[in-house]
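From first to last, the protein sequence lines are chains R and C. Mapping of the first sequence onto the working numbering: residues 1 to 791, in sequence order. Mapping of the second sequence onto the working numbering: residues 792 to 948, in sequence order. Glycine included, C-beta positions come from ideal geometry on N, C-alpha and C. Given the structure is predicted, the values throughout are model-derived calculations rather than measurements.
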Amino acid sequence: MTDTLDTSSVIGRPLRRKEDAKLLHGRTNWTDNIQLPGTLHMAIVRSPMAHAKVTKVDVSEALKQPNVVAAYNAAELGDLNSVVPCVWPVTDDTVMPPFPALTGDKVRHVGDCVAVVLATDAASAEDALAYVDVEYEPLPAVVNMIDAISPGSELVHGDATNNTCYVYDLGGGYEDELAKHSDVVRVKRRFVNQRLIPAFMEPRAVVAAPMGMSDEITVWTSTQIPHVLRVLLQLVTGIPEQNLRIIAPDVGGGFGGKLQCYREEILVTQLARKLGRPVKWNETRSEDMVATHHGRDQIQDIELAATKDGKFIGLKVDLLANMGGYLQIITPGIPLLGMFMYPAIYKMDAYQFQCTGVFTNSTPTDAYRGAGRPEATFAIERIVDEMAAELGMEPMELRTKNWIEHHEFPFTTVAGLTYDTGNYEAATAKAMDMFGYHELRAEQKARRESGDPVQLGIGISTFTEMCGLAPSRTLGALKYAAGGWEHCTIRLLPSGKVELVTGTSPHGQGHETAWSQIASEILGIPVDDIDVIHSDTGRSPYGMDTYGSRSLAVGGQAIKKAADRVIENARPIAAHQLECSANDLEFANGAFSVKGDPEKTVTLGALAWAAFAAHNLPDGVEPMISGEATVDPEDFSYPHGTHLAAMEVDTETGKVKLRKYVCVDDVGNQVNPMIVEGQVHGGLAQGIGQALYEGAEYDSDGNLLTASLADYLIPSAADLPSFETGSTVTPSTTHSLGTKGVGEAGAIASTPAIINGIVDALRPMGVTDVLMPASPQNVWRAIQAAKGASA
Amino acid sequence: MQHITVTVDGTEYQSEVEPRTLLVHWLREGLGKVGTVVGCDTSNCGACTILVDGQSVKSCSMLAVQADGCEITTIQGLSTGDDWHPVQTAFKECHGLQCGYCTPGMVMSTVDLLTENPNPTEEEIRDGIHGNLCRCTGYHNIVKSVKYAADLMGGSK
């Protein structure tokens with residue numbers, strides 16, 4: 001067991017954020033704010049059709065329009081029309097169709113890129129789009145996954161034999177295990193985990209500029225992954241890596257949607273290179289809805305088997321996962337991030353998993369907050385409730401009977417993960433207490449007995465997830481192209497102030513504050529004297545960026561290690577100044593002192609100056625003091641928690657009200673509990689959004705019907721209640737700070753809690769599932785279908 | 792081109808604008824008031840909210856020419872220098888922002904809400920800011936921020 005820090009001092013305090021002064025005064029630097037002299041603005045001709053042959057793309061009239069400088073179709077862009085990379089072929093035979101930034105032969109989703117126009121101002125570029133002459137020969141759109149894999153389906157990629165991208169078969173021996181039992185109860189369901197749109201508030205924007213005397217091309221982009229993007233852009237554009245500098249300025253949210261190497265980033269970079277001047281592209285929201293990758297979109301066939309007395313035997317999962325029209329950075333791998341999580345917190349003997357990736361004429365899918373784990377958590381928590389109903393057991397009791405008990409950790413699950421720690425009993429007890437679980441059950445009973453048209457349901461989600469991506473070896477074994485380490489460099493400046501360079505890339509998570517807290521705790525230097533440098537490959541050369549709830553879980557460990565090294569690197573200089581042996585020094589509160597002689601002391605700040613002046617350093621010690629560390633995590637981190645939702649459902653109209661939401665999350669040690677709580681709140685809103693409001697919908701021609709914020713309902717303040725959040729602290733034993741990831745927990749846990757609550761309210765009427773989003777219409781339909789079935 | 796005279800954050804500006812120019816684009820590109828941001832193209836998100844003659848307006852839903860003769864306050868003019876408006880203080884204190892992109896609009900809407908209703912209930916707050924979308928906070932701490940701002944401004948006394 002590794003040591004965990006004492007969280008009584010700087011770490012563990014709800015410090016107000018350093019980031020906020022500039023954000024609250026409008027002193028911000030969004031990519032769209034960047035205006036370089038000579039900038040050309042790029043606008044994109046996007047396909048209005050989901051599937052069509054492109055027979056003509058003529059830009060000549062567009063070139064004649066005012067202020068237009070250049071325009072290109074795919075052929076005219078030639079070698080600069082680089083392909084969009086996919087770095088995660090999940091099987092040896094994953095079909096990886098070419099994905100050029102501009103398509104030349106066919107369009108494969110509404111919003112596909114056909115041509116670009118560049119003008120000296122954005123409005124002129126936009127105006128000139130109408131003059132690009134494109135002829136389409138419409139083809140039948142492949143929209144529905146089940147149709148897509150049926151024999152004879154139209155093909156999204158013509159040179160393939162079918163629309164299957166891959167079949168990932170984990171195997172598992174489910175039936176063999178069941179055969180050992182005589183009293184097997186099986187519950188089988190098909191769940192639809194609908195398509196979602198990340199809808200971060202800042203639309204994407206990219207600026208690229210050749211930087212004068214050097215060969216450097218600087219790319220400012222609203223991304224979560226400046227470091228990964230640099231590697232990918234050099235790979236696909238051929239621009240030497242050392243000449244690419246990627247900067248993510250202020251970034252307005254991401255949620256996985258900015259974890260990408262987008263077509264537009266490639267085009268802007270290549271065009272700046274070709275034209276020798278700055279090029280800028282700014283996304284409209286309507287473009288964002290069709291061009292930024294989507295998330296989720298799985299059809300889940302799931303079967304849970306238990307003994308009659310409610311002991312789980314095994315789980316079988318068969319997924320159809322919608323890839324969309326092309327593969328983006330980790331499109332095929334998203335369902336695999338869920339693969340490990342279907343068995344969740346439960347003990348069982350068999351687990352069988354298969355996933356088929358399917359191409360359709362839709363916007364590509366990829367990571368969206370939780371990425372694979374929300375889908376898994378939804379399916380398992382829903383099917384556990386269905387099993388409870390089948391067995392006539394109280395759903396929490398069934399969970400208690402099957403979950404891993406706190407004394408059983410570390411525990412290796414049937415999916416092969418080893419959870420280091422957890423205490424599901426403690427989190428659940430606290431959540432039930434905060435919720436008033438038994439009182440609400442009593443109210444539910446009373447409403448059922450009185451035949452109240454508004455029924456009460458209690459939704460449960462007892463979840464865990466794997467995050468903190470990730471041990472590099474594990475990623476390699478899964479055929480993911482890169483690693484999962486994180487880097488930190490801490491430099492003492494001559495003034496005694498500190499530069500902390502991190503490879504994480506925040507876009508709302510408050511890293512500047514939290515990372516300062518970690519370094520402050522270890523170095524004994526005030527939080528305000530620590531400047532966190534991030535998101536610029538020129539100033540922070542090494543990093544793996546921010547996604548998968550990894551920044552604290554992995555990056556935090558790098559900070560701790562780098563800070564520890566700063567102290568060790570300062571120690572010989574301190575010993576020299578204090579004329580003692582290095583072993584006789586102790587370090588506390590930012591200063592070295594001689595053991596047994598506390599009067600003899602020197603601060604880190606004073607040593608920083610001494611190491612800078614370098615007049616009197618011990619032999620062999622180099623000037624300046626810094627510490628660097630690159631940490632590859634020992635394992636994923638496994639936050640967990642219990643989420644409870646009280647749902648009121650009007651059985652006459654289908655209208656649903658979330659009356660109360662309680663959650664207790666265990667994310668291990670907390671660096672800044674205020675930020676932790678904020679992360680949970682935001683995750684909840686997105687998970688509840690999936691359950692109640694959101695859903696990207698296509699018509700049968702492949703048109704996105706929810707292509708604006710007027711049509712795609714992201715919840716407003718009026719659509720949500722305040723939440724009651726709590727926590728338990730079971731420190732991770734595989735992470736040096738005892739922390740676990742928190743960024744995705746709320747989004748992962750909340751969706752099934754809401755739907756379980758609605759189904760629980762309606763179960764006496766025979767309802768066993770409700771399609772998401774649980775709009776009044778979908779709930780009403782479920783009620784009518786149940787009535788019809790019982791009639 | 793049309794001539795307009797608009798006072799923005801206390802300074803009077805004279806400008807020639809294309810009649811089709813949206814107020815938000817004129818503020819950002821014409822004046823460099825980039826604290827005000829654009830989040831959508833359907834007037835749903837409210838990120839571009841400013842005060843026009845003291846009333847909150849989504850500046851993407853107004854043309855620059857319509858602002859002729861008006862007095863505008865943006866997030867950059869809400870307080871001067873290192874000063875903090877109570878609403879700004881409250882948002883920081885209650886962690887009412889994460890990425891900060893919706894924040895300029897959310898703050899300006901809150902200023903307007905508290906002018907009209909100095910002591911709003913939670914329901915009135917949620918209703919009052921429902922034209923401003925936030926994807927990070929789940930609104931929980933925004934609602935707290937608005938309540939706290941009301942306290943700071945003396946509304947609940």
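- 8 Å or more divides the Cβ of residue 606 of chain R from the Cβ of residue 565 of chain R.
- Among the residues facing chain R, residue 794 of chain C is not included, as its CB has no counterpart in that chain under 8 Å away.
- In the DSSP assignment, residue 905 of chain C falls outside any beta strand (DSSP E) and lies within the alpha helix (DSSP H) extending over 894-907.
- The C-alpha of residue 889 of chain C lies about 24 Å from the C-alpha of residue 487 of chain R.
- For residue 28 of chain R, the nearest CB of chain C lies under 8 Å from its own CB, placing it at the interface with that chain.
- According to the DSSP assignment, residue 350 of chain R belongs to the beta strand (DSSP E) that extends over 350-359.
- One thing to note: residue 653 of chain R has its Cβ within 8 Å of the Cβ of residue 776 of chain R.
- Burial state of residue 18 of chain R is buried, judged by a 10 Å Cβ sphere holding 16 or more other Cβ atoms.
- Less than 8 Å divides the Cβ of residue 934 of chain C from the Cβ of residue 717 of chain R.
- Within chain C, 929, 931 have C-beta atoms less than 8 Å from the C-beta of residue 723 of chain R, given in sequence order.
- Taking one beta carbon from each stretch, the stretch 123-133 of chain R and the stretch 189-206 of chain R have fewer than 3 pairs nearer than 8 Å; the two do not touch.
- Taken through DSSP and simplified to helix, strand or coil, residue 821 of chain C comes out as helix.
- Counting C-beta atoms within 10 angstroms of its own C-beta, residue 876 of chain C has 16 or more neighbours from the protein chains shown and is therefore classed as buried.
- Bridge pairing for residue 406 of chain R: absent [DSSP].
- Taking 8 Å as the threshold, the shortest C-beta distance from residue 867 of chain C to chain R falls below it.
- Beta-bridge partners assigned by DSSP to residue 643 of chain R: R/461, R/663.
- Within the same chain, Cβ atoms closer than 6 Å to the Cβ of residue 843 of chain C are found at 861, 863, the five residues on either side in sequence being excluded.
- Under the DSSP assignment, residue 68 of chain R falls in the beta strand (DSSP E) whose first and last residues are 68-73.
- Counting along the chain, residue 312 of chain R sits inside the beta strand (DSSP E) bounded by residues 312-324.
- Rounded to whole angstroms, the gap between the alpha carbons of residue 513 of chain R and residue 16 of chain R is 8 Å.
- For residue 592 of chain R, the enclosing beta strand (DSSP E) stretches over residues 591-594.
- Residue 236 of chain R and residue 82 of chain R have their C-alpha atoms some 6 Å from each other.
- Boundaries of the beta strand (DSSP E) harbouring residue 193 of chain R: 184-196, taken from the DSSP string.
- Counting other Cβ atoms within 10 Å of its Cβ, residue 296 of chain R reaches 16 or more and is therefore classed as buried.
- A buried status is given to residue 941 of chain C, since no fewer than 16 other beta-carbon atoms sit within 10 Å of its beta-carbon.
- Sixteen is the threshold: when 16 or more other Cβ atoms of the shown chains lie within 10 Å of the Cβ of residue 756 of chain R, as they do, the residue is buried.
- In the three-state scheme derived from DSSP, where H, G and I count as helix and E and B as strand, residue 20 of chain R is classed as helix.
- Out of R/28, R/598, R/149, R/669, the CA that lies nearest to the CA of residue 360 of chain R is found in R/149.
- Chain order gives no chain C residues near residue 79 of chain R, where near means a beta carbon separation below 9 Å; the closest approach is about 34 Å.
- For residue 200 of chain R, the chain C residues whose C-beta falls within less than 7 Å of its own C-beta are 926, listed in chain order.
- Inclusion of residue 156 of chain R and residue 308 of chain R in the CB contact set at 8 Å is not warranted, their separation being larger than that value.
- Residues of the same chain with a CB within less than 6 Å of the CB of residue 696 of chain R, apart from the 5 flanking positions on each side, are 195, 197, 294, 706 in chain order.
- For the pair residue 199 of chain R and residue 926 of chain C, the CB atoms are nearer than the 8 Å cut-off.
- Beta bridge pairing from DSSP links residue 107 of chain R with R/52.
- Chain-order list of chain C residues neighbouring residue 284 of chain R: 829, 831, 832, by C-beta distance under 9 Å.
- A Cβ-Cβ separation of about 54 Å leaves residue 10 of chain R out of contact with residue 163 of chain R under the 8 Å criterion.
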